[in-house]
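Taking it in order: structure first as structure tokens, then the write-up.
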Amino acid sequence: MTSVWLALSYLRARPLLNGLTALAVALGISIVVATTTLSKAARQSASETAGGYQLLLAAKGSQIQAVLSTLFFAEAPTGNIPIEIYEQVHADQGVTLAVPFNFGDSFKSHLIVGTTPDYLHLIRRNRRSSQQTLLKGRWPEHAFEASLGAAVARATGLTIGDTFTAAHGFVELPEDLSDHHKAQPYTVVGLLEETRAPTDRAIFTTLDTSWRIHGQFHDASSDAHDHEGRQITAVLIEGRGYADVARLNALMAQRMDVQPIFPGRTATQVLGYLQRGQSLVTSIAWLAALIACLGIMISLFAAAVERRRQIATLRAIGASRATVLGVMAIEGLFIAGLGAVIGVAFGRLMAVAIAWQLEQSNGYLLTIGQAGLAEISAIAVAMALGLLAGFIPALLALREDVAKGLAAMT
1 MTSVWLALSY
11 LRARPLLNGL
21 TALAVALGIS
31 IVVATTTLSK
41 AARQSASETA
51 GGYQLLLAAK
61 GSQIQAVLST
71 LFFAEAPTGN
81 IPIEIYEQVH
91 ADQGVTLAVP
101 FNFGDSFKSH
111 LIVGTTPDYL
121 HLIRRNRRSS
131 QQTLLKGRWP
141 EHAFEASLGA
151 AVARATGLTI
161 GDTFTAAHGF
171 VELPEDLSDH
181 HKAQPYTVVG
191 LLEETRAPTD
201 RAIFTTLDTS
211 WRIHGQFHDA
221 SSDAHDHEGR
231 QITAVLIEGR
241 GYADVARLNA
251 LMAQRMDVQP
261 IFPGRTATQV
271 LGYLQRGQSL
281 VTSIAWLAAL
291 IACLGIMISL
301 FAAAVERRRQ
311 IATLRAIGAS
321 RATVLGVMAI
331 EGLFIAGLGA
341 VIGVAFGRLM
351 AVAIAWQLEQ
361 SNGYLLTIGQ
371 AGLAEISAIA
381 VAMALGLLAG
391 FIPALLALRE
401 DVAKGLAAMT
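Right, dumping it as structure tokens:
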């Protein structure tokens with residue numbers, strides 16, 4: 001109890017220096033916690049989004065780009081593929097579900113996705129829910145009908161019965177180039193419930209809609225109902241079993257106009273890149289925390305020099321070496337512990353703020369989970385370093401002769 005009381009009195013005697021040192025520790029720990037928390041959320045999001053799909057067919061190009069565009073609605077697609085590919089796999093006996101996608105237009109930066117009602121079944125299956133995914137209304141059945149993801153409905157204020165006009169791509173075109181879109185407004189017929197997934201930030205319509213509007217844009221005289229030459233962006237496939245998926249993968253790999261992709265494998269590759277980046281940032285943050293703990297040691301060493309006579313007096317009246325060690329160890333432990341707790345709290349707040357900003361600006365949905373072992377470990381490591389930072393100057397102070405210490409301030 002004497003050691004604790006003395007340590008607290010010494011800490012109160014230098015509030016500014018001790019506070020700044022604790023903040024230095026907090027800075028390093030906060031970066032460690034923020035990067036670890038965000039990395040964990042990104043892994044969970046990628047696993048939940050891509051892990052439930054078996055095979056993706058897309059145009060030749062970057063597999064990562066194809067997965068990000070089709071599953072996350074976060075990148076431009078790699079190109080288009082013939083509609084015959086979808087028709088072929090849809091008719092295959094080994095395929096239980098084939099979902100086509102067509103991209104190209106947007107509304108207020110929200111991607112408009114041309115697809116079929118099978119996408120709704122895919123959402124339910126991946127969420128392992130038998131409940132109706134549509135909160136109200138219905139899935140689009142006719143051209144220029146649309147269902148809105150939950151985030152789109154919130155951001156735009158649109159509801160069932162409202163109409164809107166699309167932009168080509170992700171930018172609003174000048175009036176003379178956007179007349180073909182304005183001539184065909186979309187009508188909202190359904191609102192999707194919140195899924196905390198990329199579905200929330202997209203607008204869904206029929207394949208026929210995208211074919212019609214772009215058929216008019218490129219050639220107003222073209223027959224919108226002629227399948228010849230029609231294209232789609234990608235197809236998601238679920239097979240009856242692994243053998244069927246492997247067979248389709250081998251079959252499509254022989255074609256020159258499409259590439260088969262295993263989404264889960266590609267997501268793992270992306271996460272590997274993220275992991276390497278996280279490791280670098282975390283290492284730098286721990287280095288900053290270590291430097292801060294060295295600052296604790298230097299601060300306590302300077303304090304020991306100032307307290308030479310006090311330490312010598314304590315030893316002269318019978319205080320044990322353990323008491324002196326305990327006082328400075330508690331000081332280091334308290335400064336590092338305080339900094340670690342502040343750092344964990346600030347790191348969690350940073351992670352939540354960054355996740356919110358990503359969702360608002362880019363639509364990336366990251367769910368920040370509860371604090372766990374990583375945060376406890378960060379506090380424990382910081383306190384261990386603080387304890388060590390207190391022991392070293394205490395040991396150096398104890399090496400000085402008591403008589404010299406008593407004479408130091410006379």
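In UniProt numbering, the protein residues as written are 1 to 410.
Note that beta-carbon positions come from the ideal geometry of N, C-alpha and C, so glycine has one too.
No experiment lies behind these values; they were computed from the predicted model shown.
- DSSP, reduced to helix, strand and coil, places residue 258 outside both helices and strands of the structure shown, so it counts as coil.
- With fewer than 16 neighbouring CB atoms inside 10 Å of its own CB, residue 279 falls in the exposed class.
- Around the beta carbon of residue 259, a 10 Å sphere encloses 16 or more other beta carbons of the protein chains shown; the residue is thus reported as buried.
- Within the segment 337-381, complete alpha helix (DSSP H) segments of at least 4 residues are not found at all.
- Residue 387 places its beta carbon less than 8 angstroms from that of residue 332.
- Residue 105 carries a strand assignment under DSSP once its states are collapsed to helix, strand and coil.
- Comparing alpha carbon positions, the residue from 337, 366, 290 closest to residue 350 is 366.
- In the displayed model, residue 60 falls within coil according to three-state DSSP, outside both helix and strand.
- The DSSP-derived three-state label of residue 232 is strand.
- Rounded to whole angstroms, residue 294 and residue 381 show a C-alpha spacing of 14 angstroms.
- With fewer than three CB-CB distances shorter than 8 angstroms, the segment 144-164 does not count as touching the segment 85-104.
- The beta carbons of residue 336 and residue 284 sit about 19 angstroms from each other, so the pair does not count as a contact at 8 angstroms.
- Taking a cut-off of 8 angstroms on C-beta distances, the segment 232-245 does not touch the segment 27-35, as fewer than three cross pairs fall below it.
- The distance from the Cβ of residue 341 to that of residue 379 is about 6 angstroms, consistent with a contact at the 8 angstroms cut-off.
- Cβ-Cβ separation between residue 114 and residue 209: approximately 6 angstroms, consistent with a contact (criterion under 8 angstroms).
- Residue 97 and residue 121 do touch by the CB rule: their CB atoms are close to 7 angstroms apart, below 8 angstroms.
- No Cβ-Cβ contact shorter than 8 angstroms links residue 329 with residue 21.
- Under the DSSP assignment, residue 90 falls in the alpha helix (DSSP H) whose first and last residues are 83-90.
- Each residue's CA atom was taken as its position, placing residue 4 and residue 369 some 36 angstroms apart.
- Within the segment 9-48, not a single complete beta strand (DSSP E) segment reaches 3 residues in length.
- At a Cβ-Cβ threshold of 8 angstroms, residue 54 and residue 239 count as neighbours.
- The beta carbon of residue 344 is closer than 8 angstroms to those of 29, 30, 33, 371, 375, 378, 379 in its chain, skipping five residues each way along the sequence.
- Under DSSP, residue 98 takes part in a beta bridge, and its partners are 237.
- Proximity to residue 188 across 163, 196, 198, 167 peaks at 163, based on C-alpha coordinates.
- For residue 195, there is no enclosing beta strand (DSSP E), as DSSP marks it with neither H nor E.
- Residue pairing by DSSP places residue 396 opposite no residue, since no beta bridge is assigned to it.
- Residue nearest to residue 324 within the set 59, 390, 203, 261 is 390 (criterion: CA-CA distance).
- Within its own chain, the residues whose Cβ lies closer than 6 angstroms to the Cβ of residue 43, once the five positions on either side in sequence are excluded, are 271, listed in chain order.
- In terms of CA proximity to residue 198, 75 leads the group 75, 9, 24, 7.
- In this chain, the beta strand (DSSP E) harbouring residue 146 covers 145-148.
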